[in-house]
Structures are given as C-alpha cells and as structure tokens.
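Engineer: Structure below; questions to follow.
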Amino acid sequence: MENKMEFQQLLPHQIEEKSFEIIDEELKEMGISLKPEEAFVVKRAIHTTADFDYASSLVFSPGAAAVGMEAIRQGAMIITDTNMAKSGINSRQLKEIGGGQAFCFMADEDVAVSAKEKGCTRAAASMEKAARLFGETKEAVSENKVPKRMPVIVAVGNAPTALAVLCQFIQEGSFLPDLIIGVPVGFVNVVWSKEQILSQNQVPYIVSKGRKGGSNVAAAIVNALIYQARQDIMI
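The opening position of the sequence shown corresponds to residue 80 in this note's numbering, with each subsequent residue numbered one higher.
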C-alpha cells in the first residue's frame, strides 16, 4: 500500500524541533548511540545535510567540542575559508555570548595579491593572513613572552589547501588555533588534507573523514558550538 504523505503546517522553530525528533528516532532505529559531549554537533551536521553518514564520519579529538565552546565564551575569532560559511554562522549570538566575530579573508585585495605572487590558492593565502593577525609561536606562549590573544577557531569547509597550510603552521609552531574544524568537500587533496589534521595532536579538531563536507557543514558545526555554549550559560 502506498504511504500517503500530508503537508505539516509548522512554524520555523517547530520545524527544527520536529527535525531533531526525527533525527533522534532514526539514530535509535540504526542502533547508533552518540557521545553526549559530541551529539549536539553531529545532530546539527545531520540536520543541515539530511545525511546520517556524519554520525560515523565526524571525528573529534578528546574534548574538542568543549574546547570550542569555551573559546566562544571567551570571545573567539572564527576564521572561515569561504564567505558562504561566514554568512551561515550566527554572528549575532556569537557576539552576544563572548564578543566574538567571524571573518573570511578570501575576497581581500591583499590576499589576492599574495596568492598571485606566491602561485598558491586564495584559501592558502587567507590562512597566511589569519596567521599574521592571530598567530602566536608556541615558544612565546609557553614562556609567557606575549599576552594571550583572543581564542581562534578555524572552520574550513571548502579548500583542502587551507588545511594543508594550517598543518604547516602547526608543525612550525607559528599558528596554533584553539580548534580546527576541517570539513572540506571534494575529490582532490580533500581526504589527504583531513588525514593531516587527524595525524597531529597539538591542536584540537573536528574533522569529517572522507570526501563529504562543505561550507554549510562548517557553519553548522560552529553554530552547534555557539548554541550549546549559549544554552549552558542560560542554565
């Protein structure tokens, strides 16, 4: 017998609530039990994409979600590799919680000039700009030679070259963000770049293994951290 579908007249907040109810039900039917400290991030990624693969493909370093929320409460600067991801972040709540801001340097004239001169992608050049603005060497921090700057979260949803440059900075100790969200999508260098982030242990990370990801997923993960941080403050 063909299933009959009915249109449900719901308000926006009711649609979101119903969506998360469905996600919970389907995860239960699949026999998937998420870690409580990570579940709100995974569910937000699934909600954004309708793709339950994120229940298994999102990888968290120990305590990564907690690190991200604390950074947001302390006024984190969010650096994205696309304006789409930046636009998808709830900047109002980000600012209300801790005074943080979201940035994307991809369209900046100096980034375009740098990319042309160096023969690299704008995404790579934009991460170099982020490092210049927010970078601290691990030696200087450990020896208390510089004041602690605002926390930094880098959210990459499109460009594997951005992750490659971040890995280089981490190895050099020249730019150590508080958290890296590595979810670029595609076929060329995507899996390799993610594995590079997964192979280091100096910077906490949330990474989607495999080819899947995107700017919408990067923004969704940032928003999950924002919403949970806000909820924890209100409790």
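Built from N, CA and C at the ideal position, the CB exists for glycine as well. Because the structure is a prediction, the values reported are computed rather than measured.
Span of the alpha helix (DSSP H) holding Gly265?
Structural biologist: It is not in any alpha helix (DSSP H) - Gly265 carries neither H nor E in the DSSP assignment.
Engineer: In whole angstroms, give me the CA-to-CA distance for Lys195 and Ile232.
Structural biologist: Between Lys195 and Ile232, the C-alpha separation is close to 26 Å.
Engineer: Check this for me: beta carbons of Gly154 and Pro230, under 8 Å apart or not?
Structural biologist: Going by C-beta atoms, Gly154 is nearer than 8 Å to Pro230.
Engineer: Cβ atoms of Ile285 and Ile300: under 8 Å apart, would you say?
Structural biologist: Yes, they are a contact pair.
Engineer: Is it true that the segment 203 to 212 meets the segment 234 to 248, where meeting means three or more beta-carbon pairs spaced less than 8 Å apart?
Structural biologist: These segments touch.
Engineer: If you follow the alpha helix (DSSP H) that Val244 is in, where does it begin and where does it stop?
Structural biologist: It spans Pro239 to Glu251 - the alpha helix (DSSP H) in which Val244 sits, taken as one unbroken run.
Engineer: DSSP state of Gln180, grouped into three classes?
Structural biologist: Strand, per DSSP.
Engineer: What are the start and end residues of the beta strand (DSSP E) that includes Val286?
Structural biologist: Tyr284 to Ser287 is the span of the beta strand (DSSP E), which, as asked, contains Val286.
Engineer: Measuring only the C-alpha atoms, how far is Ile125 from Cys199?
Structural biologist: Using only the alpha carbons, I get a separation of about 33 Å.
Engineer: Which residue comes first and which comes last in the alpha helix (DSSP H) that contains Met349?
Structural biologist: Since the first residue shown for the chain is 80 and the last is 314, residue 349 is missing from the structure and cannot be characterised.
Engineer: What first and last residue would you give for the alpha helix (DSSP H) that runs through Leu106?
Structural biologist: Element bounds for Leu106: Pro91 to Glu108.
Engineer: In angstroms with no decimal places, state the Cα-to-Cα distance between Leu113 and Ser136.
Structural biologist: So the two alpha carbons sit approximately 12 Å from each other.
Engineer: Three-state secondary structure (DSSP) at Phe119?
Structural biologist: Phe119 falls in the helix class under three-state DSSP.
Engineer: Go through its chain and collect everything with a Cβ distance to Asp160's Cβ below 6 Å, but skip five positions before and after it.
Structural biologist: Around Asp160: Ala202, Val235, Asn237, Ala238 and Ala241.
Engineer: For Ile168, count the other beta carbons within 10 Å of its own beta carbon; 16 or more makes it buried, fewer makes it exposed. Which is it?
Structural biologist: Looking at its Cβ environment, which holds 16 or more other Cβ atoms inside 10 Å, Ile168 is buried.
Engineer: Taking just the CA atoms, how far does Lys288 sit from Ala303?
Structural biologist: In a straight line, the C-alpha of Ala303 is about 19 Å away from that of Lys288.
Engineer: Looking only at DSSP bridge pairs, what is Ala143 linked to?
Structural biologist: None; Ala143 has no bridge partner.
Engineer: Going along the chain, which residues of its own chain have a beta-carbon closer than 6 Å to the beta-carbon of Ile260, five neighbours each way excluded?
Structural biologist: Counting only Cβ-Cβ distances below 6 Å, and skipping sequence neighbours, we find Ala234, Ile285, Ala297 and Ile300.
Engineer: Just the C-alpha distance for Ser272 and Lys291, rounded to the nearest angstrom, thanks.
Structural biologist: Those two C-alpha atoms are separated by around 13 Å.
Engineer: Determine the contact status of Asp311 and Met148, defining contact as a CB-CB distance below 8 Å.
Structural biologist: Yes. Within cutoff.
Engineer: Suppose you measure from the CA of Glu105 to the CA of Ala129; what does that come to, to the nearest Å?
Structural biologist: If I take the Cα positions, the gap works out to 11 Å.
Engineer: Which of helix, strand or coil does DSSP assign to Gly167?
Structural biologist: It is helical.
Engineer: Assign Val192 to one of two classes, buried (16 or more other C-beta atoms within 10 Å of its C-beta) or exposed (fewer than that).
Structural biologist: Under this definition Val192 is an exposed residue.
Engineer: Might you give, ordered along the chain, the residues of its own chain that have their beta carbon closer than 6 Å to the beta carbon of Val269, omitting 5 neighbours on each side?
Structural biologist: Cβ within range, chain order: Pro239, Pro263 and Arg290.
Engineer: Would you grab the beta carbon distance between Ala164 and Ser294 for me? Rounded to a whole angstrom, and I think it's under 8 Å.
Structural biologist: That belief holds up - the Cβ atoms of Ala164 and Ser294 are roughly 4 Å apart, short of 8 Å.
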